[in-house]
Every structure is written in C-alpha cells, then in structure tokens.
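Enquirer:
Residue numbers (the working numbering): 9 to 105.
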C-alpha cells in the first residue's frame with residue numbers, strides 16, 4: 009500500500025483528490041507529512057517554475073491545468089518506484105503574456 013499526503017490550499021480540489029484516491033485499495037491518504045518522496049502540483053506549469061521546484065528536491069510535478077486523475081496515479085506509482093515524474097510543461101506561456 010502506498011501512503012500519500014495531499015497538501016493543497018484549494019479545498020474543493022483537495023476533496024476531489026482524496027475522493028479519487030480513496031477509491032483505490034492500494035493508496036491510503038496519510039494524515040501527516042512524514043514522507044521522503046515529494047510530489048508537487050501548481051497552477052503555474054512553465055519551465056522555469058518546474059525547474060525551480062525540481063532544484064528543491066521534489067520527486068515529481070504535475071500542472072493543475074493539464075492534469076487528469078489517471079496522471080496523478082501514474083505519477084505517484086513512478087515516484088513510489090523510485091523514479092521521477094514530470095507532467096506536461098506549458099511551453100506557450102510566453103505567448104499569452
């Protein structure tokens with residue numbers, strides 16, 4: 009069983025993630041933040057943001073705007089297996105500014 013901790017400041021988003029993972033018997037939502045693997049999500053998913061996060065030692069990243077529930081599962085499984093996971097990065101952010 010994989011223990012995961014969801015640290016999210018948007019309550020509705022956090023509720024949806026908890027609901028999704030509680031339906032899978034091999035995941036368990038842990039009640040504390042003691043873990044050696046860190047997986048981050050952020051609204052900003054540009055290359056500089058992701059690179060900055062990776063330098064802090066996180067094991068995986070998914071941008072909130074592009075992520076689907078099955079991508080979260082895939083990322084957590086890879087991280088639990090000792091791999092890193094980087095979701096799609098928004099390479100067109102500079103065109104919107």
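Here a beta-carbon is modelled for each residue, glycine too, at the ideal position from N, C-alpha and C. On a predicted model such as this, the values are computed, not experimentally measured, just so you know.
What's the call for residue 23, buried or exposed, on a 16-neighbour Cβ count within 10 Å?
Expert: Numbered from 1 along the chain shown, position 15 holds the residue referred to as residue 23. With fewer than 16 other Cβ atoms within 10 Å, it is exposed.
Enquirer: Can residue 47 and residue 87 be called in contact, C-beta distance under 8 Å?
Expert: Here residue 47 is taken as the residue at index 39 of the chain shown, counted from 1. Here residue 87 is taken as the residue at index 79 of the chain shown, counted from 1. For residue 47 and residue 87, yes; Cβs fall inside 8 Å.
Enquirer: Locate the beta strand (DSSP E) running through residue 10, then write down its first and last residues.
Expert: By one-based count along the chain shown, residue 10 stands at place 2. Counting along the chain, the beta strand (DSSP E) containing residue 10 begins and ends at 10–12.
Enquirer: Taking the alpha-carbon of residue 74 as reference, which of 38, 25, 20, 49 has the nearest alpha-carbon?
Expert: In the chain shown, counting from the first residue as 1, residue 74 sits at position 66. Answer by Cα proximity: 49.
Enquirer: Thinking C-beta only, is residue 37 closer than 8 Å to residue 45?
Expert: Sequence index remark: in the chain shown, residue 45 carries index 37 (1-based). Sequence index remark: in the chain shown, residue 37 carries index 29 (1-based). Contact flag unset, no.
Enquirer: If distances are taken between C-alpha atoms only, which option among 80, 85, 90 comes closest to residue 26?
Expert: Stepping through the chain shown from its first residue, residue 26 is reached at position 18. Checked all of 80, 85, 90; the closest Cα to residue 26 is 80.
Enquirer: May I ask which residues mark the beginning and end of the beta strand (DSSP E) holding residue 50?
Expert: What you label residue 50 is simply residue 42 of the chain shown in a count that begins at 1. 47–50 is the extent of the beta strand (DSSP E) around residue 50.
Enquirer: Rounded to the nearest angstrom, what separates residue 62 and residue 68 at their Cα positions?
Expert: Position 54 of the chain shown, counted from the start, is the residue given in the question as residue 62. Position 60 of the chain shown, counted from the start, is the residue given in the question as residue 68. If I take the Cα positions, the gap works out to 8 Å.
Enquirer: Is DSSP giving residue 36 helix, strand or coil here?
Expert: Here residue 36 corresponds to residue number 28 of the chain shown, with the count starting at 1. The answer is strand: DSSP assigns residue 36 an E or B state.
Enquirer: Under three-state DSSP, which class holds residue 24?
Expert: Here the question's residue 24 lines up with position 16 in the chain shown. It is helical.
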